[in-house]
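Following numbering that gives the first Met the number 0, the numbering of the sequence shown begins with 0 at its first residue and continues without gaps. What follows is a set of notes on a single structure, which appears directly below.
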Amino acid sequence: MIFVAVFLSFFSFSQKKQLTIEEAVIGAYRNMYAQQFYYIKWQTNSLFTYVKNEQLLQQAIKSNNEQTLLSVHDLVKITNDTNLKKIKMFPNYEWETENILWIKTDIKFFQIDIKEKKLLTQIICPDTAENFDLNIRKKMVAYTIKNNLYVLTNNGNTITLGSDLEQGIVFGKSVHRNEFGINKGTFWSNSGNSLAFYRMDETMVTTYPLVDINTRIATVKNIRYPMAGMKSHEVTIGVHNFATNKTVYLQTGEPKEQYLTNISWSLDDKFILVAVLNREQNHMKMNVYNPETGEFIKTLFEEKNNKYVEPLSPAVFINNTQFLWQSQRNGFNHFYLYNLDGNLIKQLTNGNWVVTTYLGTDKKSQYVYFIAAYPTALERNILKVNLTTGELKRISENEGIHNAIFNKEFTCFINRYETIDKPFVYNLINSEGKLMRKIHEANNILNDYELGTLEMVKVKSADGKTELYGRIIKPSNFDAKKKYPLILYVYGGPHAQLVQNNWLGGASLWDYYMAQKGYIFATIDNRGSANRGFEFESCIHRQLGHNEAEDQIEFIKFLIKQGYIDENKIGVYGWSYGGFMTLTLMTRYPEIFKLGVAGGPVTDWKYYEIMYGERYMDTPQENSEGYEKTSLLNKTKNLKGKTLIIHGYMDDVVVLQHSLSFVESCIKNGILIDFFIYPNHTHNIRGKDRIHLMKKINQYFDENFNLN
Numbered sequence: 000m001i002f003v004a005v006f007l008s009f010f011s012f013s014q015k016k017q018l019t020i021e022e023a024v025i026g027a028y029r030n031m032y033a034q035q036f037y038y039i040k041w042q043t044n045s046l047f048t049y050v051k052n053e054q055l056l057q058q059a060i061k062s063n064n065e066q067t068l069l070s071v072h073d074l075v076k077i078t079n080d081t082n083l084k085k086i087k088m089f090p091n092y093e094w095e096t097e098n099i100l101w102i103k104t105d106i107k108f109f110q111i112d113i114k115e116k117k118l119l120t121q122i123i124c125p126d127t128a129e130n131f132d133l134n135i136r137k138k139m140v141a142y143t144i145k146n147n148l149y150v151l152t153n154n155g156n157t158i159t160l161g162s163d164l165e166q167g168i169v170f171g172k173s174v175h176r177n178e179f180g181i182n183k184g185t186f187w188s189n190s191g192n193s194l195a196f197y198r199m200d201e202t203m204v205t206t207y208p209l210v211d212i213n214t215r216i217a218t219v220k221n222i223r224y225p226m227a228g229m230k231s232h233e234v235t236i237g238v239h240n241f242a243t244n245k246t247v248y249l250q251t252g253e254p255k256e257q258y259l260t261n262i263s264w265s266l267d268d269k270f271i272l273v274a275v276l277n278r279e280q281n282h283m284k285m286n287v288y289n290p291e292t293g294e295f296i297k298t299l300f301e302e303k304n305n306k307y308v309e310p311l312s313p314a315v316f317i318n319n320t321q322f323l324w325q326s327q328r329n330g331f332n333h334f335y336l337y338n339l340d341g342n343l344i345k346q347l348t349n350g351n352w353v354v355t356t357y358l359g360t361d362k363k364s365q366y367v368y369f370i371a372a373y374p375t376a377l378e379r380n381i382l383k384v385n386l387t388t389g390e391l392k393r394i395s396e397n398e399g400i401h402n403a404i405f406n407k408e409f410t411c412f413i414n415r416y417e418t419i420d421k422p423f424v425y426n427l428i429n430s431e432g433k434l435m436r437k438i439h440e441a442n443n444i445l446n447d448y449e450l451g452t453l454e455m456v457k458v459k460s461a462d463g464k465t466e467l468y469g470r471i472i473k474p475s476n477f478d479a480k481k482k483y484p485l486i487l488y489v490y491g492g493p494h495a496q497l498v499q500n501n502w503l504g505g506a507s508l509w510d511y512y513m514a515q516k517g518y519i520f521a522t523i524d525n526r527g528s529a530n531r532g533f534e535f536e537s538c539i540h541r542q543l544g545h546n547e548a549e550d551q552i553e554f555i556k557f558l559i560k561q562g563y564i565d566e567n568k569i570g571v572y573g574w575s576y577g578g579f580m581t582l583t584l585m586t587r588y589p590e591i592f593k594l595g596v597a598g599g600p601v602t603d604w605k606y607y608e609i610m611y612g613e614r615y616m617d618t619p620q621e622n623s624e625g626y627e628k629t630s631l632l633n634k635t636k637n638l639k640g641k642t643l644i645i646h647g648y649m650d651d652v653v654v655l656q657h658s659l660s661f662v663e664s665c666i667k668n669g670i671l672i673d674f675f676i677y678p679n680h681t682h683n684i685r686g687k688d689r690i691h692l693m694k695k696i697n698q699y700f701d702e703n704f705n706l707n
């Protein structure tokens with residue numbers, strides 16, 4: 000069954016202003032976006048703070064009066080750091096106590112008494128430092144320089160925890176190419192007396208050449224890039240005790256090619272939990288280690304799956320012996336309550352919806368607070384579940400995408416939510432879900448612009464079993480009797496959801512800009528995308544691009560049936576996995592797609608990295624048929640439509656070999672395509688050059704669809 004779920008036209012046709020491409024591309028990050036509160040933090044249980052421009056402001060629970068606590072000008076006077084004059088926004092901060100906070104600016108950390116307007120502590124890291132990890136309790140900062148790990152104390156002493164004596168050994172950085180929820184490489188214990196850190200040995204991984212053209216003779220910059228089926232890196236976990244000044248390594252055992260994910264300290268610092276995943280990614284062990292000796296203690300539980308197991312969130316201890324674990328083992332991501340004996344106490348949440356974010360636990364009232372794609376994947380709501388009874392309660396009242404920042408005692412929270420037609424609303428809500436007061440509602444600054452109209456739709460998947468969520472943006476002067484060129488914007492891969500009940504339906508201003516020019520701009524989340532459960536997401540296993548493409552075609556058929564699509568002007572655009580999907584659709588359905596723009600595309604999964612590639616495709620040795628079927632290098636002869644490939648010359652995620660191999664195949668088959676390089680960019684084209692990128696794409700559609 001195919002039907003239109005929602006129709007919203009929230010921009011009046013009487014409005015005169017037109018978006019420029021500059022506004023559409025970077026305006027959303029500057030002057031075109033609704034006003035938000037930044038860095039919202041609880042100063043006490045009854046006072047919260049946030050940043051507006053150059054000021055740190057405060058409000059009390061019972062009053063909406065804003066009080067200025069500090070300004071950038073104040074920071075300059077307190078710290079005597081004139082470099083702060085250059086910043087345009089009050090920097091990020093953390094409260095230590097009601098009157099003491101920490102400020103971070105580039106390489107410096109300042110501890111400030113706001114009541115006395117006095118600098119208490121100053122920590123200055125080296126100019127080349129990166130990956131900062133501040134320990135407020137001990138007034139120490141862990142950081143990396145190149146591949147080395149250091150800790151700087153407040154008295155200026157530097158402790159070296161890991162030094163790259165052999166090229167290819169990396170300390171204190173994110174490992175496993177940022178898969179499995181890993182986004183950092185250092186982990187302070189709760190007391191601050193110890194620091195766990197990753198050590199990654201890449202010496203056995205094949206080097207891959209990137210070429211830097213900014214020297215007179217272009218310079219080769221080698222990176223370690225483990226391609227699917229080839230040798231992977233080896234990771235260990237070190238633990239440094241600052242009292243004994245000794246480092247031990249956890250005895251994580253063999254084989255060395257395994258993934259050490261989701262590091263977690265117990266509350267009393269007696270244990271470290273690590274979710275150890277085999278290279279095949281189908282068997283995970285939750286292991287416990289002694290941080291003082293590095294000894295392996297026991298495996299608490301195991302998870303297996305014929306496709307893959309993907310741990311993404313660390314264990315969260317709610318007391319010294321019990322912890323929460325998130326798992327998709329029953330088909331949807333939910334909480335499971337365990338103890339340190341490895342006994343499952345209970346599955347805490349259940350249902351055909353997924354937990355997306357853990358917010359915290361009120362130990363006094365025995366509630367776990369979290370965000371979930373509930374009741375549908377279009378929404379994000381705040382819920383709480385009782386640890387004892389399992390009673391579940393939704394505590395965000397309105398539709399839309401909600402986020403929450405709780406005070407320490409979990410008596411109330413600041414709820415920021417947005418919907419398709421509301422930019423940002425900030426409310427103060429108590430832990431029972433009752434509105435205490437409204438804090439702020441952002442004005443829609445796009446009211447002055449004549450954008451398009453947005454439809455949210457549901458379309459059946461190609462197998463007829465599942466409803467897919469899509470959006471359609473039409474020109475503001477849309478006439479159902481006319482025919483319009485179509486741009487299908489596609490991503491389609493794992494861990495992404497493009498269509499939600501959030502501001503503008505999740506679309507970018509560039510999408511609306513293209514609709515403003517006279518295009519129908521449409522997007523759908525096919526099977527394989529995020530937040531719909533394991534079966535929905537894993538149906539792509541060993542055959543990337545197949546089911547995704549079939550679902551995209553069902554959406555195209557739906558759009559054509561509406562009667563307003565010019566079937567001779569159907570185009571597709573996507574980046575990264577979306578670039579792969581663009582070329583997949585262009586080569587598999589050449590009779591439908593007359594134009595495609597593929598940015599940073601994967602063209603053959605054997606050229607992609609191990610961690611992501613082998614999860615979804617297994618190795619080329621294990622799945623030779625799947626790699627052959629999904630490779631685009633043997634399909635270039637099918638290309639009929641105009642095709643533009645864009646790639647960053649320094650791309651270290653989807654290496655340039657993908658696009659070059661595709662171009663070479665096109666040459667061999669006599670297929671004419673267009674190819675464009677950004678010489679100094681990696682996987683994404685950012686900054687001012689992004690305007691150039693979007694102008695290039697816009698021009699390609701306009702010229703080939705004769706829309707000027």
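Glycine is no exception: its CB is placed at the ideal position from the N, C-alpha and C atoms. All values derive from a computational prediction rather than experimental measurement.
Residue i - DSSP class collapsed to helix/strand/coil
i    : result
M649 : coil
R328 : coil
M283 : strand
Q551 : helix
M610 : helix
S70  : strand
R685 : coil
D701 : helix
A23  : helix
C665 : helix
Proximity to residue i [Cα-Cα], best of the options
i    : options                : result
I672 : I413, T185, I645, G686 : I645
N342 : F316, N261, L299, D550 : L299
K245 : S265, P290, W264       : P290
G469 : M435, V456, D478, Y448 : V456
K76  : K117, N240, K51, S312  : K117
W187 : E178, P225, D267       : D267
A506 : A23, G578, T19         : A23
E449 : G432, P474, I428       : P474
Q321 : L276, S263, L160       : S263
M203 : L194, T185, R223       : R223
T235 : M229, H175, H282       : H175
S193 : F170, T214, V247       : V247
Straight-line gap, residue i to residue j (C-alpha atoms, nearest Å)
i    : j    : result
W101 : N426 : 26 angstroms
Y49  : F661 : 49 angstroms
G612 : T618 : 8 angstroms
M649 : L164 : 27 angstroms
N567 : Y488 : 17 angstroms
K345 : I471 : 43 angstroms
T253 : Y197 : Per the sequence shown, the amino acid found at residue 253 is Glu instead of Thr. Approximately 17 angstroms between the Cα atoms of the pair.
Y699 : F554 : 23 angstroms
S395 : T418 : 13 angstroms
K61  : G432 : 17 angstroms
L336 : T388 : 13 angstroms
L706 : N305 : 49 angstroms
F170 : D420 : 46 angstroms
C-beta contact flag for residue i and residue j at 9 angstroms
i    : j    : result
L382 : I370 : yes
M616 : R541 : yes
L347 : L323 : yes
S528 : G492 : yes
Y373 : V384 : no
T635 : K605 : no
L69  : I135 : no
F47  : N406 : yes
F704 : R415 : no
L151 : G161 : no
H680 : V652 : no
G684 : G578 : It is Ile, not Gly, that sits at residue 684 in the sequence shown. For I684 and G578, no; Cβs fall outside 9 angstroms.
I'd like the ranges of any beta strand (DSSP E) spanning at least 3 consecutive residues and lying wholly in the segment 122-194.
129-134, 139-144, 147-152, 157-161, 168-170, 185-187
Whole beta strand (DSSP E) elements within the segment 546-606, 3-residue minimum
564-574, 594-598
Inside the segment 247-278 only - beta strand (DSSP E) runs reaching at least 3 residues:
257-264, 271-277
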